[in-house]
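**Student:**
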Amino acid sequence: LGHGSGGAMTQRLLTDYIQPLFNNTWISQAHDSATLPWNTDRLVFTTDSFVVTPLFFPGGNIGELAVYGTVNDLAMAGAEPKFLSCGLILEEGLPMVTLKRVLQSMAKAAQSTGVMLVTGDTKVVERGKGDGIYINTSGVGQQISQWPIEPGRICRGDVILLSGDIGRHGIAVMASREGLEFESNLTSDCAPLNRAVAELIQAGVEIHCLRDLTRGGLATALVELAESCGKTFSLDESRIPVSEAVEGACEILGLDPLYVANEGRFVAFVPESSSKLATSILRGTVAGSLCEIIGRVGDGDHPQVALKNSLGCDRLLQRLPGEQLPRIC
Amino acid sequence: MATERRHIEIAGLVQGVGFRPFVYRQAEHFQLKGWVANHSGGLHIEVQGNSREIETFIDKLSSDKPPYSRIIRIESHPVPLQAEYGFRILPSVWDSSCSTLVLPDLAPCDDCLKELSDPKNRRYGYPFISCTLCGPRYSIIDKLPYDRANTSMQPFPLCGKCLGEYRDPLNRRFHSEPNACLECGPQLRLCSSSGDTVADSEQALYRALDAIAKGKIVALKGVGGFQLLADAVNGNALAELRRRKRRPHKPFALLYDELKNVCRDCCVSDLEARLLSARERPIVLLEAKDESCTSIHHLVAPNLTNLGVMLPASPLHYLLARHYGTPLVATSGNLAEEPICTDNDEAFERLGKIADCFLVHSRRILRPLDDSVLRVVNNRPLMLRRARGYAPLPITLPQHAEDRKLGRDTLLALGADLKNTVALSHSGWAYPSQHIGDLGSANSLSHFNRTIGDLTNLQRCQPDKLIHDLHPGYTSYRWALKQKTARIGVQHHVAHLFSCMAEHAHSGPALGICWDGTGYDCSGVVRGGEFLHWDGRSPVTHLASFRTFPLPGGEKAVREPRRSAAGLLYEISGFVALQHQDLKRCFTRRERQNLVTMLKGEINSPQCSSVGRLFDAVSALLGLTTRMSFEGQAAMALEQCARGVSSKDSYPFNLAKKDGRWELDWAPCISALIYDENKSLPQRAAAFHNTLAQMALAVALKHGEKNVFLSGGVFQNKRLTETITALLQAQGFSVHCHSEVPPNDGGIALGQIHYAHCMQAAGQPLGEVPP
Ligand SMILES: [Fe+3]
Ligand SMILES: [Mg+2]
Ligand SMILES: [Zn+2]
Ligand SMILES: [Zn+2]
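Heads up: the protein sequence lines correspond to chains A and B, in order.
According to the numbering used here, the stretch in the first sequence is residues 1 to 329, in order.
According to the numbering used here, the stretch in the second sequence is residues 1 to 771, in order.
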């Protein structure tokens with residue numbers, strides 16, 4: 001518990017664990033705040049907190065998640081992520097090796113995405129009052145697109161691109177937490193998205209809107225976007241990539257992959273004229289290798305997301321009301 | 001003899017039923033002068049003449065009124081004499097906000113049928129023959145008053161002969177709005193699956209019949225929408241239809257040419273015969289005779305002995321059925337649970353991959369109306385799906401709703417999300433819409449919006465309040481949130497109870513046995529085995545419920561009875577239950593492992609008290625149905641399995657107080673049932689039905705309320721409903737079942753309205769939420 005008291009132990013945590021990993025001018029100063037150089041007119045700022053059980057899951061851990069999550073939120077606004085802060089809330093009794101592993105992957109994730117962790121804070125809570133580690137990260141980035149990328153810019157006729165197969169993160173975490181066993185091994189899709197976005201922008205793709213898929217899955221993200229822009233989206237179910245492993249797991253669990261969480265997938269709204277270019281660029285990136293055009297923005301002027309199935313029926317997607325309760329009477 | 005003049009106003013079902021010609025003939029007969037006119041409030045008449053003759057004339061209006069018309073009220077008062085030279089039919093008056101009733105679509109009358117098959121008649125073989133007593137109505141009405149210009153007959157100007165009939169007060173077609181003939185009326189056309197015309201009129205009909213005979217699937221533009229026709233004897237054609245429609249098991253309806261041929265294949269009681277021949281022409285569920293296996297192919301209703309049968313609902317259906325001779329399959333022309341197609345182009349597009357050709361015509365269908373479905377239970381008709389032939393007729397609400405204070409509010413009830421219907425209440429009447437379907441699809445949602453528009457436009461009123469179910473996942477609930485109207489939430493099973501009460505004009509103390517699949521009640525439990533009590537004054541109380549069990553996989557379990565079975569046994573004996581032989585054969589080893597993990601970890605495994613799922617579980621445990629391809633499949637299989645068993649044997653169960661209400665524990669019954677080696681499968685199925693009936697009786701006896709109402713989808717089960725009724729009646733209870741609206745969720749909207757009225761009358765708060 002002493003590690004969070006602000007005394008010598010906190011100092012040791014910083015010098016022994018954090019500084020060696022995040023070696024940069026600002027963190028080495030160990031000052032109260034980081035004074036950062038800034039010379040563009042558009043600063044993009046976001047924050048997110050990360051809670052996950054288990055801390056390590058197939059394909060990732062809470063440390064990576066905390067870096068990628070905030071980096072991805074910045075990327076979705078068309079920004080190049082620059083600096084991160086990190087707040088750690090540790091539960092008393094957390095093995096130091098676990099902490100070290102988490103911090104190591106944070107460092108690696110930061111390095112791979114080109115973002116610098118420049119300030120942070122640590123608190124320790126009593127045993128039983130936290131799930132090992134909670135992490136908060138905030139991030140600032142620099143807008144690299146010529147115009148703001150936001151739901152209000154979504155236009156009729158826009159093509160909706162999905163960067164890859166859905167549902168892996170939610171299922172992988174649940175399977176390892178609950179001890180479920182599925183036919184094939186399943187890993188989280190946890191990944192950074194900033195490179196893929198930067199490439200789209202640099203190639204001159206006219207991006208109207210981006211959104212990363214997190215809790216609530218693809219369906220919730222699209223319903224939210226349709227509501228904020230007041231437009232009708234039509235999707236083609238057969239074009240939405242779902243891995244066999246996720247499909248099989250959802251089949252047993254009775255879950256709909258459209259509503260399962262992701263941590264490294266996003267949708268992009270681009271005009272028809274840019275869709276070919278966008279697809280080919282995305283397919284060349286790590287995060288977007290399985291990219292598909294899954295639908296488009298229709299003529300309707302009421303917020304609605306319709307999913308056409310193989311029979312030709314349009315099913316309307318909804319936000320999940322808490323848990324999935326059966327409707328069938 | 002005194003001469004006087006009277007103004008008469010008639011309210012009720014008096015437009016489109018031949019009322020004006022009837023009035024005209026009566027007036028002529030009594031030598032009265034004056035006029036008659038359709039009015040937005042019904043019918044207005046002024047007659048002048050001998051006062052005694054006028055009295056008799058007014059009596060005749062009620063006593064000799066045209067068949068199918070309904071009079072709510074006749075009022076008359078004297079007015080000053082005027083110069084009059086005869087009796088005239090005046091143009092319709094349409095000015096006030098009062099309502100009138102719109103007629104449903106009616107099957108051809110005997111006179112029209114005679115003409116249809118009379119080679120000397122000028123309408124011989126004309127598929128759109130009709131008169132003032134029969135023909136299309138709701139499917140062609142755009143708006144009121146019911147005049148040709150306001151119907152989809154508007155593009156067909158009457159030819160000289162037809163106009164003569166239309167103007168001749170003594171003719172059966174006097175002011176018959178859909179009047180037409182081969183010269184001037186709608187025409188038949190046969191189109192390829194891409195929509196190109198390949199034949200016209202008679203040729204179109206013959207070539208369509210030819211195609212069916214060759215095993216093809218023909219899309220027919222029927223009364224309320226498209227149907228898909230195939231030869232009911234041709235297994236290949238049926239297999240193809242099932243493949244293309246992706247409907248492996250759900251039974252198809254059959255179209256017969258005449259009653260005597262139905263009787264050849266099915267057992268038909270007098271009541272069933274009457275229902276089949278009624279002007280509404282519903283599909284009636286009948287028990288197939290065993291020997292009928294020879295003529296009707298088993299793919300019509302795989303593994304089921306009940307057949308859905310109908311007689312021709314239009315002249316076009318008559319021509320097809322008569323010429324074809326053997327029964328035809330006639331199933332709705334839609335994709336899965338969507339509304340049926342009504343428009344030619346829409347049908348070409350949506351059904352193009354299912355039908356080989358399209359028999360269409362040039363009269364537009366203005367709204368989709370599915371075929372209605374009935375079944376006889378307790379020797380009374382039980383509605384299963386209310387649409388064509390019944391919609392948009394209202395249901396009279398109990399007296400107190402006519403109370404000016406209560407009747408003033410126009411309520412729009414939004415129903416439930418599956419088998420959705422909506423209902424509007426207005427001056428003492430409830431207008432339930434036709435069956436709309438599952439609101440999960442974009443097409444159903446627009447049908448829902450249009451239907452609400454239809455009801456409010458025809459009644460010329462806007463709702464003051466909306467009533468919705470409490471389920472937060474319902475589309476209808478979300479729809480209500482978006483409106484700028486005050487809203488009231490009513491719990492699902494409360495709505496079921498009041499729906500049944502409304503039908504029996506009951507607004508006093510009642511015991512509700514509400515058994516179905518899923519109803520939301522804020523407790524987190526998927527409810528469906530509920531006993532409710534209303535004392536006639538206070539809020540409704542929840543008297544008893546079934547013991548809960550988990551549904552691993554949530555909504556998935558609704559489609560897979562094997563999951564309900566797993567949850568049921570897990571509730572009794574924990575994870576060892578998954579080793580039970582009846583379950584072992586339904587799952588792979590890994591599936592069972594994961595199910596145990598899900599059940600232990602409570603992962604997507606909501607608790608349920610649902611009798612619907614209990615039926616599913618037993619059906620799976622008896623090896624009848626482990627997965628379903630259509631709703632109700634497992635319960636139907638279980639009901640059918642018990643066929644022919646008359647034993648009253650039942651299994652044990654417990655009834656005990658738990659948390660202030662009675663809990664029915666099915667565990668002793670299930671334990672006995674799965675190890676019951678002494679009984680045959682049918683005997684076990686029958687004993688399960690009997691046990692449920694004993695459970696219902698046990699709760700009713702604990703409470704004592706004499707008026708018992710059975711509602712919820714489970715009561716589509718004839719055996720169960722009849723067993724419970726008999727058992728309760730023998731103990732002095734009055735048992736009430738549904739008849740006019742379905743016991744399933746199709747009846748929810750009516751119940752929502754009646755509940756609001758009853759609570760208002762009792763001075764109970766409705767928990768209104770302002771917009
Ligand atoms: Fe229900
Ligand atoms: Mg985020
Ligand atoms: Zn007729
Ligand atoms: Zn004519």
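Note that the Cβ used here is the ideal one computed from N, Cα and C, for glycine as well.
Report the three-state DSSP secondary structure of B:P550 (helix, strand or coil).
**Tutor:** Within the second sequence, the letter at position 550 stands for residue 550 of chain B. B:P550 falls in the strand class under three-state DSSP.
**Student:** Can we say the stretch 118 to 130 of chain A touches the stretch 80 to 96 of chain A, given the rule of at least three CB pairs closer than 8 Å?
**Tutor:** Yes, the stretch 118 to 130 of chain A is in contact with the stretch 80 to 96 of chain A.
**Student:** Does the beta carbon of B:K556 sit closer than 8 Å to a beta carbon anywhere in chain A?
**Tutor:** Translated into positions along the second sequence, residue 556 of chain B becomes position 556. It does; some Cβ of chain A falls within 8 Å.
**Student:** Could you list the residues in the stretch 569 to 591 of chain B with a C-beta less than 8 Å from some C-beta on chain A, going in chain order?
**Tutor:** Correct list: R590, E591.
**Student:** With a threshold of 8 Å between beta-carbons, can B:R527 be considered close to chain A, or not?
**Tutor:** Reading the second sequence from its first residue, position 527 is the one you call residue 527 of chain B. Answer no: the Cβ-Cβ gap between B:R527 and chain A never drops below 8 Å.
**Student:** List in chain order the residues whose CB is within less than 7 Å of at least one heavy atom of ligand 4.
**Tutor:** Those satisfying the condition are, in chain order, B:L158, B:C159, B:K161, B:C162, B:A180, B:C181, B:E183, B:C184, B:G185.
**Student:** Just grab the DSSP bridge partners of B:M310 for me.
**Tutor:** Here residue 310 of chain B corresponds to residue number 310 of the second sequence, with the count starting at 1. According to DSSP, B:M310 bridges with B:L255.
**Student:** Who are the neighbours of B:E338 on chain A, taking C-beta pairs under 8 Å?
**Tutor:** Start at 1 with the first residue of the second sequence, and residue 338 of chain B comes out as number 338. In chain order: C313.
**Student:** Could you check whether the Cβ of B:H492 sits closer than 7 Å to any heavy atom belonging to ligand 1?
**Tutor:** Indexing the second sequence from 1 puts residue 492 of chain B at position 492. Yes, the beta carbon of B:H492 sits closer than 7 Å to at least one heavy atom of ligand 1.
**Student:** Would a C-beta distance cut-off of 8 Å place B:L103 and B:R137 closer than the cut-off?
**Tutor:** Locating residue 103 of chain B in the second sequence gives position 103, counting from the first residue. Locating residue 137 of chain B in the second sequence gives position 137, counting from the first residue. The answer is yes: Cβ separation under 8 Å.
**Student:** Evaluate contact between the stretch 600 to 614 of chain B and the stretch 637 to 657 of chain B, counting only Cβ atoms and requiring at least three cross-stretch pairs below 8 Å.
**Tutor:** Because the criterion of three Cβ pairs below 8 Å is not met, the stretch 600 to 614 of chain B and the stretch 637 to 657 of chain B do not touch.
**Student:** Could you tell me which uninterrupted alpha helix (DSSP H) segments, each at least 4 residues in length, are contained entirely in the stretch 614 to 658 of chain B, listed from first to last along the chain?
**Tutor:** List check, alpha helix (DSSP H) in window: 633 to 641.
**Student:** Secondary structure at B:H757, three-state DSSP: helix, strand or coil?
**Tutor:** As a first step, residue 757 of chain B is located in the second sequence; it is residue number 757 there, counting from the start. Three-state result, B:H757: helix.
**Student:** CB A:F269 to CB A:C313, shorter than 8 Å?
**Tutor:** Here residue 269 of chain A refers to the residue found at position 269 of the first sequence. Here residue 313 of chain A refers to the residue found at position 313 of the first sequence. Against a cut-off of 8 Å, the Cβ pair of A:C313 and A:F269 comes out as no contact.
**Student:** Just list the residues that DSSP pairs B:H542 with in beta bridges.
**Tutor:** Taking the first residue of the second sequence as 1, we reach residue 542 of chain B at position 542. Note: B:H542 sits in a beta bridge opposite B:L532.
**Student:** Using DSSP with H/G/I as helix, E/B as strand and the rest coil, what is B:I789?
**Tutor:** With chain B covering only 1 through 771, there is no way to say anything about residue 789 of chain B.
**Student:** Here's the rule I'm using: 16 or more other beta-carbon atoms within 10 Å means buried, otherwise exposed. How should A:T70 be labelled?
**Tutor:** Counting from one through the first sequence, the residue named residue 70 of chain A turns up at place 70. Buried: at least 16 other Cβ atoms inside 10 Å.
**Student:** Helix, strand or coil for B:G746? Go by DSSP, reduced to three states.
**Tutor:** By one-based count along the second sequence, residue 746 of chain B stands at place 746. The answer is helix: DSSP assigns B:G746 an H, G or I state.
**Student:** Could you list the residues in the stretch 243 to 275 of chain A with a C-beta less than 7 Å from some C-beta on chain B, going in chain order?
**Tutor:** If the cut-off is 7 Å between Cβ atoms, the stretch 243 to 275 of chain A has I252, L253, G254, L255 near chain B.
**Student:** Which partner residues does A:T47 have in the DSSP bridge list?
**Tutor:** The residue given as residue 47 of chain A occupies position 47 in the first sequence. A:T47 is bridged to A:S138.
**Student:** Could you work out which residues of chain A lie near B:R246, taking near to mean beta carbons separated by less than 9 Å?
**Tutor:** As a working note, residue 246 of chain B is residue 246 in the second sequence. Ordered by position in chain A, the residues that pass the 9 Å Cβ test against B:R246 are S310, L311.
**Student:** Going by the DSSP bridge assignment, what does B:L76 pair with across the sheet?
**Tutor:** Start at 1 with the first residue of the second sequence, and residue 76 of chain B comes out as number 76. The amino acid occupying residue 76 of chain B in the given sequence is Ser; Leu does not appear at that position. In DSSP, B:S76 forms a bridge with B:I8.
**Student:** Report yes or no: do three or more beta-carbon pairs, one from the stretch 734 to 744 of chain B and one from the stretch 496 to 509 of chain B, lie closer than 8 Å?
**Tutor:** The stretch 734 to 744 of chain B is in contact with the stretch 496 to 509 of chain B.
**Student:** Does the CB of A:A77 have a neighbour CB from chain B at under 8 Å?
**Tutor:** For the purposes of this step, residue 77 of chain A is identified with residue 77 of the first sequence, where counting begins at 1. No - not a single Cβ of chain B is within 8 Å of the one on A:A77.
**Student:** Just to confirm the assignment: which complete alpha helix (DSSP H) runs, minimum length 4, are found wholly within the stretch 328 to 409 of chain B?
**Tutor:** Correct list: 344 to 351, 404 to 407.
**Student:** Less than 8 Å between C-beta atoms, sequence neighbours within five positions excluded: which residues of the same chain meet that for B:P668?
**Tutor:** Along the second sequence, read from residue 1 onward, the residue named residue 668 of chain B stands at position 668. The residues are Y651, P652, F653, N654.
**Student:** With C-beta atoms as the reference, is B:C191 less than 8 Å away from B:F19?
**Tutor:** As a working note, residue 191 of chain B is residue 191 in the second sequence. As a working note, residue 19 of chain B is residue 19 in the second sequence. The answer is no: Cβ separation not under 8 Å.
**Student:** Beta-carbon within less than 8 Å of A:E247's beta-carbon, same chain only, minus the 5 sequence neighbours each way: which residues are those?
**Tutor:** Locating residue 247 of chain A in the first sequence gives position 247, where the first residue counts as 1. The answer, listed in chain order, is P257.
**Student:** Suppose you measure from the CA of B:G125 to the CA of B:F87; what does that come to, to the nearest Å?
**Tutor:** As a working mapping, residue 125 of chain B is identified with position 125 in the second sequence. As a working mapping, residue 87 of chain B is identified with position 87 in the second sequence. In a straight line, the C-alpha of B:G125 is about 35 Å away from that of B:F87.
**Student:** Would you mind stating whether B:S130 and B:S176 have Cβ atoms separated by less than 8 Å?
**Tutor:** Translated into positions along the second sequence, residue 130 of chain B becomes position 130. Translated into positions along the second sequence, residue 176 of chain B becomes position 176. Cβ distance < 8 Å, so B:S130 and B:S176 count as in contact.
**Student:** Helix or strand or just coil, what does DSSP make of B:S97?
**Tutor:** The residue given as residue 97 of chain B occupies position 97 in the second sequence. Annotation note: pLDDT 49 at B:S97 (below 50); position unreliable, coordinate value reported separately. The answer is coil: DSSP assigns B:S97 none of H, G, I, E or B.
**Student:** Comparing the C-beta of B:S711 with each C-beta of chain A, is any distance below 8 Å?
**Tutor:** Translated into the one-based positions of the second sequence, residue 711 of chain B becomes position 711. It does not: the Cβ of B:S711 has no partner Cβ on chain A nearer than 8 Å.
**Student:** Rounding to the nearest angstrom, what Cα-Cα distance links B:L382 and B:L254 in this structure?
**Tutor:** Numbered from 1 along the second sequence, position 382 holds the residue referred to as residue 382 of chain B. Numbered from 1 along the second sequence, position 254 holds the residue referred to as residue 254 of chain B. Near 19 Å, if we compare the C-alpha coordinates of B:L254 and B:L382.
**Student:** Can you tell me which residues form a DSSP beta bridge with B:N50?
**Tutor:** Position 50 of the second sequence, counted from the start, is the residue given in the question as residue 50 of chain B. Answer by DSSP bridge pairing, in chain order: B:T3.
**Student:** Rounded to whole angstroms, what's the CA-CA distance from B:E663 to B:V373? Just pull it up for me.
**Tutor:** Looking up residue 663 of chain B in the second sequence gives position 663. Looking up residue 373 of chain B in the second sequence gives position 373. Cα to Cα, the separation comes out at about 34 Å.
**Student:** Using a threshold of 7 Å, is the CB atom of B:P108 nearer than that to any non-hydrogen atom of ligand 6?
**Tutor:** Ligand 6 is not part of this structure, which contains only ligand 1, ligand 2, ligand 3 and ligand 4.
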